[in-house]
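*Asks:*
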Amino acid sequence: MVQDKALREGEVTVETPKASDAGLIFIGRIRTPWTSREDTPRQGRHDGPVCRLEIFEPWVPALKGVDFYSNLEVIYWLHRSRRDLVLQSPKDNRSTRGTFSLRSPVRPNPIGTSIVKLVKLEGNIVFVRGLDCLDETPLLDVKPDRCEFSPLAAGKGGGEEGE
Ligand code: SAM
Numbered sequence: 007m008v009q010d011k012a013l014r015e016g017e018v019t020v021e022t023p024k025a026s027d028a029g030l031i032f033i034g035r036i037r038t039p040w041t042s043r044e045d046t047p048r049q050g051r052h053d054g055p056v057c058r059l060e061i062f063e064p065w066v067p068a069l070k071g072v073d074f075y076s077n078l079e080v081i082y083w084l085h086r087s088r089r090d091l092v093l094q095s096p097k098d099n100r101s102t103r104g105t106f107s108l109r110s111p112v113r114p115n116p117i118g119t120s121i122v123k124l125v126k127l128e129g130n131i132v133f134v135r136g137l138d139c140l141d142e143t144p145l146l147d148v149k150p151d152r153c154e155f156s157p158l159a160a161g162k163g164g165g166e167e168g169e
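Taking the numbering used here as reference, the numbering of the sequence shown is continuous, increasing by one, and the terminal residue is 169.
1) Taking the alpha carbon of Ile-121 as the point to measure from, which residue in Asp-151, Thr-143, Asn-99, Leu-145 has its own alpha carbon closest?
2) Buried or exposed: Lys-123, going by 16 or more other Cβ atoms within 10 Å of its Cβ?
3) Take Leu-146 as the anchor and find which of Val-72, Pro-116, Asp-73 has the nearest alpha-carbon.
4) Run through the segment 72–120 for me and flag every whole beta strand (DSSP E) of 3 or more residues, listed as ranges in chain order.
5) For Glu-128, does the three-state DSSP call read helix, strand or coil?
6) Using 8 Å for Cβ pairs, my map puts Leu-59 next to Val-134. What's the rounded Cβ distance?
7) Near Gln-174, which residues of its chain fall below 6 Å by C-beta distance, leaving aside the five closest residues on each side in sequence?
8) My guess is that Thr-105 and Glu-17 are in contact by the Cβ rule of under 8 Å, so how many angstroms apart are they, rounded?
9) Buried or exposed: which applies to Gly-29, given that a residue is buried once 16 or more other Cβ atoms fall within 10 Å of its Cβ?
10) Write down the C-beta distance between Ile-81 and Thr-119 rounded to the nearest angstrom, noting that I regard them as a contact closer than 8 Å.
11) By DSSP, does Asp-45 sit in helix, in strand, or in coil?
12) At which residues does the beta strand (DSSP E) containing Cys-57 begin and terminate?
13) Would you kindly work out how many angstroms separate the C-alpha atoms of Phe-74 and Ala-68, rounded to a whole number?
14) According to DSSP, what are the bridge partners of Leu-30?
15) With respect to 7 Å, is the separation between the Cβ of Asp-147 and the closest non-hydrogen atom of the ligand SAM below this value?
16) Can you pull the DSSP bridge partners for Leu-145?
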């Protein structure tokens, strides 16, 4: 495991139990301008830079219909996170909070999610704005934002049956 984050005063680790393998599949990788955690935004912004979701085969056909939606939920594996902290000090001020009360990337299963704005779909690449992850972050899933039950253009298909 890559552990980029050093411990801060008051933070508490536990011995991480052996993984019960969920069999996650990396369906692609995310290309962003950020190569260090310090430079990466804490949360993405819809006026942020255009980033790319590069989808690997054999999953490319699964993109069909994605461009009906203006907002997508992107789910990714924060692969450079340590996974053993139960108490964290986000402000490095001796005050700690439980991992499950934070959106910190440091968690037992370092899954990140962002609602992004679709810019365009070209082949196996989805161009989006609104991400907050390092370049080369593994991609776990892409799905329509849960609020958008209907596609942008009426009659184009999709809709609630896709839920
Ligand atoms: N938007 C997601 C969420 O709320 O689930 C992630 C939020 S998390 C606070 C974003 C931070 O995670 C970034 O500022 C960066 O410090 C860190 N980060 C981004 N990509 C990472 C990666 N691949 N591995 C570890 N940490 C990462």
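All C-beta atoms in this analysis are idealised placements derived from N, C-alpha and C, irrespective of residue type, glycine included.
*Replies:* To lay it out plainly:
1) In the sequence shown, residue 121 corresponds to position 115, counting from 1. Looking at the Cα atoms, Asp-151 is the closest of the given residues.
2) In the sequence shown, counting from the first residue as 1, residue 123 sits at position 117. Of the other Cβ atoms in all chains shown, 16 or more fall within 10 Å of the Cβ of Lys-123; this residue is therefore buried.
3) For the purposes of this step, residue 146 is taken as residue 140 along the sequence shown, with counting starting at 1. Distances from the CA of Leu-146 to each of Val-72, Pro-116, Asp-73 were compared; the closest alpha carbon is that of Pro-116.
4) Complete beta strand (DSSP E) runs here, min 3: 77–83, 91–94.
5) On the sequence shown, residue 128 is found 122 positions in, with the first residue counted as 1. In the three-state DSSP reduction, Glu-128 falls in the strand class (E or B).
6) Taking the first residue of the sequence shown as 1, we reach residue 59 at position 53. Taking the first residue of the sequence shown as 1, we reach residue 134 at position 128. The beta-carbon distance between Leu-59 and Val-134, rounded to whole angstroms, is 6 Å. This is short enough to meet the 8 Å contact definition.
7) The requested residue 174 does not occur in the structure, where the chain is confined to residues 7 to 169.
8) Numbered from its first residue, the sequence shown carries residue 105 at position 99. Numbered from its first residue, the sequence shown carries residue 17 at position 11. With 8 Å as the limit, Thr-105 and Glu-17 do not qualify as a contact, their Cβ atoms being about 10 Å apart.
9) Within the sequence shown, the letter at position 23 stands for residue 29. Burial call: exposed.
10) The residue labelled residue 81 in the question sits at position 75 within the sequence shown. The residue labelled residue 119 in the question sits at position 113 within the sequence shown. Going by Cβ atoms, the distance from Ile-81 to Thr-119 rounds to 5 Å, so yes, they are a contact pair.
11) As a position in the sequence shown, residue 45 is number 39, starting the count at 1. Residue state, collapsed to three classes: helix.
12) The residue labelled residue 57 in the question sits at position 51 within the sequence shown. Counting along the chain, the unbroken beta strand (DSSP E) around Cys-57 starts and ends at 56–61.
13) Here residue 74 is taken as the residue at index 68 of the sequence shown, counted from 1. Here residue 68 is taken as the residue at index 62 of the sequence shown, counted from 1. For the pair Phe-74 and Ala-68, the Cα-to-Cα distance works out to about 13 Å.
14) Counted from its first residue, the sequence shown places residue 30 at position 24. Residue pairing of Leu-30 in beta bridges, as defined by DSSP: absent, with no partner found.
15) Numbered from 1 along the sequence shown, position 141 holds the residue referred to as residue 147. Of the heavy atoms belonging to the ligand SAM, none sits nearer than 7 Å to the Cβ of Asp-147.
16) By 1-based counting over the sequence shown, the position of residue 145 is 139. Per the DSSP secondary-structure output, Leu-145 pairs in a beta bridge with Gly-34, Tyr-82.
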